[in-house]
Amino acid sequence: MTTIVRRDLSALKDAVLAALAPTYELTYVHHDEELTGEQAAMLVRGEWDELADAITEVREDGRYDACVTIIRDLAEEVTRDWEREDDPDGTDAPYPDYSAVCDELTLGCCDEFDEVRSAIEERDVSDPVRSLIRNTGLWLLRVTAVDEDHAWSFETVEPTTVLSTVGLAATEHNVRTVADALANASPEFSVLMGYWVFSVDLEALYDLPAGTTMIDVTDPHLYLGNPFAGSGFVTDEPLHGSVRLNVSDLRTDRDAFGHSLDAVYGGLNESAFEATITPVR
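Position 227 (the sequence shown) corresponds to 226 in numbering that gives the first Met the number 0; numbering is contiguous.
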């Protein structure tokens, strides 16, 4: 005669805990999901905690739902095994029905559910922040090179003067490139400030070594103009050479001072402005 062992909620909880996988990814990021403009600005400003909070907050429900699914699937699997053990010959005699115990655990209204959910969350290896950053890719940055106090106002400006001011060599290429920008920016009729314009892979910024305060940017573009009015011109080609920037000064084009170039030009192609960044040791 078969001895039936009646299992209860506590037994189901223990069985589900024993069946948990070593790791889980509770937060799924679809391949076409990216950072929002404000989230990208947080990353560039180095607001890591704020960025993580902004992303985690909107995905908390997803983590909970994933736990519920895992618990339900395992509980159903365990109780099916119990029922097969109780009815090994398939006679379908009046053996215990564990559906009520399964429902009790998976409804999320008991301490046993909370214990299992906590164990699953401890095994969570998902990184939604990195996943979203990786999906986002290149982002356009604009960093002050010549501020308002040192701008050129209603005067003729030579390319060599600009290059000397921003700290790049007056090579043939650089002189020609800046001369073309000046011809289009009309410095004798306006106020010209200067901004480095370049795009970087946001994951490269995210992965800068801890404590990095300065970076070298190789071959950036230069914007000469007045962001108050949304006027000016961006060099068609990158300038040759490297400029050293303080990480705390980095801003996305949309987050930087004045009108964004992206809005003024009607949408810029980030890949055309890609530059290399190197942390300064």
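Where is the CB? At the ideal position from N, CA and C, for every residue including glycine.
- In the DSSP assignment, ARG129 falls within the unbroken alpha helix (DSSP H) covering 127-135.
- The three-state secondary structure of THR68, taken from DSSP, is helix.
- Selection ALA40, VAL165, ASP52 evaluated against ASP254 yields ALA40 as nearest (Cα-Cα).
- Spatial neighbours of GLU32 in its own chain (CB-CB distance under 7 Å, excluding positions within 5 residues in sequence) are listed in chain order as LEU131, ASN134.
- Under the 10 Å beta carbon count, PHE153 is surrounded by fewer than 16 other beta carbons and is classified as exposed.
- The segment 14-30 and the segment 58-69 touch, with no fewer than 3 CB-CB distances between them shorter than 8 Å.
- When only Cα atoms are considered, SER98 and LEU8 end up about 11 Å apart.
- Spatial neighbours of PHE256 in its own chain (CB-CB distance under 6 Å, excluding positions within 5 residues in sequence) are listed in chain order as PRO226.
- Take the alpha-carbon of ALA184 and the one of GLU171: they are about 20 Å apart.
- As DSSP reads the structure, MET192 sits in a beta bridge with GLY224.
- Residue environment analysis places ALA180 among the buried positions, since at least 16 neighbouring C-beta atoms fall within 10 angstroms of its C-beta.
- Burial is judged here by how many other beta carbons sit within 10 angstroms of a residue's own beta carbon; HIS149 has fewer than 16 and is exposed.
- Within its own chain, the residues whose Cβ lies closer than 6 Å to the Cβ of TYR205, once the five positions on either side in sequence are excluded, are ILE132, listed in chain order.
- Contact annotation, VAL263 with LEU244: C-beta distance approximately 22 Å; criterion of less than 8 Å not satisfied.
- About 21 Å separates the Cβ atoms of THR155 and TYR194, ruling out a contact at the 8 Å cut-off.
- Within the model, the alpha-carbon separation for HIS220 versus LEU238 is close to 6 Å.
- DSSP assignment within the segment 195-270 yields the following whole alpha helix (DSSP H) runs of 4 residues or more, N-terminal first: 201-205, 260-263.
- If you ignore the 5 residues before and after PRO127, its C-beta comes within less than 8 Å of the C-beta of THR26, VAL28, ILE54, THR55, ARG58, all in its own chain and listed in chain order.
- Look at LEU139 here: in three-state DSSP terms it is strand.
- A buried status is given to SER198, since no fewer than 16 other beta-carbon atoms sit within 10 Å of its beta-carbon.
- Following the DSSP letters along the chain, one finds PRO158 inside the alpha helix (DSSP H) bounded by residues 158-165.
- In the pairwise beta carbon analysis, the segment 69-89 is classified as touching the segment 101-113: at least three pairs are separated by under 8 Å.
- Here THR211 really is in contact with PRO278; their C-beta atoms are around 4 Å apart, less than 8 Å.
- Spatial neighbours of PHE272 in its own chain (CB-CB distance under 7 Å, excluding positions within 5 residues in sequence) are listed in chain order as LEU139, VAL196, PHE197, SER198, HIS220.
- Residues of the same chain with a CB within less than 8 Å of the CB of ARG129, apart from the 5 flanking positions on each side, are GLU202, TYR205 in chain order.
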